[in-house]
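Engineer: Taking my numbering, the leading residue of the sequence shown gets 3, the next gets one more, and so forth. Structure provided below as structure tokens; questions to follow.
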Amino acid sequence: MPFLSGLASLDDWVDPDRVPRPVVTIGAADIVLEDHGGPAGDLRHRAAMEFHQHHKGELLLALRGVFTCEVDGGFWIVPPQSAIWIPGGIRHKFVSAGMLECYVVFVDPEAAGALPADCCVLATTPLLRELVIRSASLPVEYPDGGLAAHLMTLLLDELALAPAGKLHLPMPGDTRLRGIAEAIMARPADRGTIRVWARRAGLSERTLARRVTEQTGMSFGRWRQQLHLMLAVQWLANGMSIQQVADELGYESASTFVTMFRRTLGAPPARYMAEWGAGRR
Numbered sequence: 003m004p005f006l007s008g009l010a011s012l013d014d015w016v017d018p019d020r021v022p023r024p025v026v027t028i029g030a031a032d033i034v035l036e037d038h039g040g041p042a043g044d045l046r047h048r049a050a051m052e053f054h055q056h057h058k059g060e061l062l063l064a065l066r067g068v069f070t071c072e073v074d075g076g077f078w079i080v081p082p083q084s085a086i087w088i089p090g091g092i093r094h095k096f097v098s099a100g101m102l103e104c105y106v107v108f109v110d111p112e113a114a115g116a117l118p119a120d121c122c123v124l125a126t127t128p129l130l131r132e133l134v135i136r137s138a139s140l141p142v143e144y145p146d147g148g149l150a151a152h153l154m155t156l157l158l159d160e161l162a163l164a165p166a167g168k169l170h171l172p173m174p175g176d177t178r179l180r181g182i183a184e185a186i187m188a189r190p191a192d193r194g195t196i197r198v199w200a201r202r203a204g205l206s207e208r209t210l211a212r213r214v215t216e217q218t219g220m221s222f223g224r225w226r227q228q229l230h231l232m233l234a235v236q237w238l239a240n241g242m243s244i245q246q247v248a249d250e251l252g253y254e255s256a257s258t259f260v261t262m263f264r265r266t267l268g269a270p271p272a273r274y275m276a277e278w279g280a281g282r283r
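What follows is the structure, given as structure tokens:
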């Protein structure tokens with residue numbers, strides 16, 4: 003399978019759903035997944051410009067760069083050395099924060115029985131990452147029953163052991179609640195209370211609280227905290243300091259932010275990021 007470059011032609015692209023193999027891996031480097039205003043035929047950016055789906059399930063492993071994945075009803079943040087699993091048939095799109103080096107593994111539903119039934123971010127081990135990289139060098143239609151097929155089986159076995167993370171932000175479906183959510187995402191340092199946001203949306207505080215819980219499974223405060231955690235991981239992965247992240251999120255001090263981070267994710271920011279890279283989260 004070709005290793006794609008953001009600067010190269012994609013004439014060698016092969017639709018993975020048309021490949022008669024249970025697992026297909028594609029590597030890509032120097033890709034920026036964003037709507038850059040280019041021509042509609044620029045396939046390098048189409049994934050971020052519109053939702054799409056595959057028959058095969060999709061694992062996207064980020065070796066360099068951070069990206070977000072959106073599906074109907076939620077967002078995920080995927081730090082470097084981590085991956086996101088998207089079962090087949092689920093509409094999704096990706097957006098990266100800068101240049102991205104990644105590998106995409108497509109898995110036929112019949113071969114994905116041991117993999118999660120829902121979207122999730124996965125921590126990856128060095129072994130899993132090396133298996134993914136090695137699988138990308140195989141021919142598109144590698145021989146059945148040979149060493150290549152055994153490598154793919156081992157890849158799936160290792161993938162099934164990968165622990166899922168907590169970097170998921172459920173999104174409400176109600177129009178007014180969606181507007182509130184998008185406003186908070188655009189201004190994460192805004193510390194407006196639920197009463198303030200209810201007034202802005204023309205709702206009672208009680209109604210807003212009830213609807214947020216019904217549609218996201220979280221309280222208003224917990225939902226905003228989850229957003230802060232996801233943004234923090236993204237910014238830390240991009241090189242921001244803890245103090246800068248705390249300031250951007252509107253915390254009074256870095257120590258207050260670190261306490262919240264550790265209480266929710268089980269480790270302070272530096273250790274959490276290191277453990278993600280080592281595949282222990």
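Every residue, glycine too, gets a C-beta built ideally from N, C-alpha and C.
Suppose contacts are defined by Cβ-Cβ distances below 7 Å. Is Ala151 in contact with Leu140 by that definition?
Structural biologist: Their beta carbons are not under 7 Å apart, which means Ala151 does not touch Leu140 by this criterion.
Engineer: How would you write the range of the beta strand (DSSP E) that Ser84 sits in, first residue to last?
Structural biologist: First-last of the beta strand (DSSP E) with Ser84: 84-88.
Engineer: Thinking just about the alpha-carbon of each residue, which of Gly90, Val106, Val73 is nearest to the one in Gln83?
Structural biologist: Among Gly90, Val106, Val73, the Cα nearest to that of Gln83 is on Val106.
Engineer: Just list the beta strand (DSSP E) runs in the stretch 215-248, keeping only unbroken ones of 3 residues or longer that don't cross its boundaries, in chain order.
Structural biologist: You should have found no qualifying run.
Engineer: Can you have a look at Asp37 and say buried or exposed, based on whether 16 or more other CB atoms are within 10 angstroms of its CB?
Structural biologist: Low confidence applies to Asp37: its pLDDT is 45, below 50, so where it sits in the model is not reliable, and the reading given next is rough at best. Exposed.
Engineer: Give the secondary structure of Val142 by DSSP, where H, G and I count as helix, E and B as strand, and everything else as coil.
Structural biologist: Val142: coil per DSSP, three-state reduction.
Engineer: In whole angstroms, what separates the C-alpha of Met313 from that of His230?
Structural biologist: With the chain running from 3 to 283 in the structure shown, residue 313 is simply not present.
Engineer: Which term fits Pro128, buried or exposed, when burial requires 16 or more other beta carbons within 10 angstroms of its beta carbon?
Structural biologist: Under this definition Pro128 is an exposed residue.
Engineer: In three-state DSSP terms, what is Ala125?
Structural biologist: Strand, per DSSP.
Engineer: Since Val198 is in the alpha helix (DSSP H), which residue starts that stretch and which ends it?
Structural biologist: Per DSSP, Val198 belongs to the alpha helix (DSSP H) from 196-203.
Engineer: Under the three-state reduction of DSSP, which class applies to Arg193: helix, strand or coil?
Structural biologist: Arg193 falls in the coil class under three-state DSSP.
Engineer: If you draw a straight line from the alpha carbon of Cys121 to that of Glu254, how long is it in whole angstroms?
Structural biologist: Between Cys121 and Glu254, the C-alpha separation is close to 34 Å.
Engineer: What's the gap between the Cα of Ala30 and the Cα of Leu63?
Structural biologist: Taking the straight line from one Cα to the other gives about 10 Å.
Engineer: I'd like the list of long-range same chain contacts for Thr126, defined as Cβ closer than 7 Å, with 5 residues on each side in sequence excluded.
Structural biologist: Result list for Thr126: Leu63, Gln83, Ser84, Ala85, Ala164, Gly281, in chain order.
Engineer: I'd like the span of the beta strand (DSSP E) that includes His170, first residue to last.
Structural biologist: From DSSP, the beta strand (DSSP E) with His170 extends over 170-172.
Engineer: What's the C-alpha gap between Arg212 and Trp199?
Structural biologist: Straight-line Cα distance between these residues: approximately 14 Å.
Engineer: Strictly by DSSP, which residues pair up with Val106?
Structural biologist: Answer is Ile28, Leu62.
Engineer: Straight-line CA distance for Pro22 to Val16?
Structural biologist: Rounded to the nearest angstrom, the two C-alpha atoms are 12 Å apart.
Engineer: CA-CA distance, Thr261 and Glu143?
Structural biologist: Rounded to whole angstroms, Thr261 to Glu143 spans 51 Å at the Cα level.
Engineer: Along the chain, where does the beta strand (DSSP E) that runs through Gly252 open and close?
Structural biologist: Gly252 -> no beta strand (DSSP E), and no H or E assigned at all.
Engineer: Which word fits Arg197, buried or exposed, when buried means at least 16 other C-beta atoms lie within 10 angstroms of its C-beta?
Structural biologist: By the 10 Å Cβ count, Arg197 comes out exposed.
Engineer: For Pro190 and Glu250, I'd like the C-alpha separation in whole angstroms.
Structural biologist: Approximately 7 Å, taken between the alpha carbons.
Engineer: Consult DSSP for His38 and reduce its assignment to one of helix, strand or coil.
Structural biologist: Only weak support is given to the placement of His38: the predicted model assigns it a pLDDT of 44, under 50, and the value that follows is read from those uncertain coordinates. Looking at His38 - three-state DSSP - the assignment turns out to be coil, as it is neither helix nor strand.
Engineer: Near Arg178, what residues of its chain come up, given a Cβ to Cβ distance below 8 Å and the 5 sequence neighbours on each side ignored?
Structural biologist: Around Arg178: Ala203, Gly204, Leu205.
Engineer: When DSSP labels each residue in this structure, what does His94 get in the three-state scheme?
Structural biologist: Here His94 sits in strand by DSSP.
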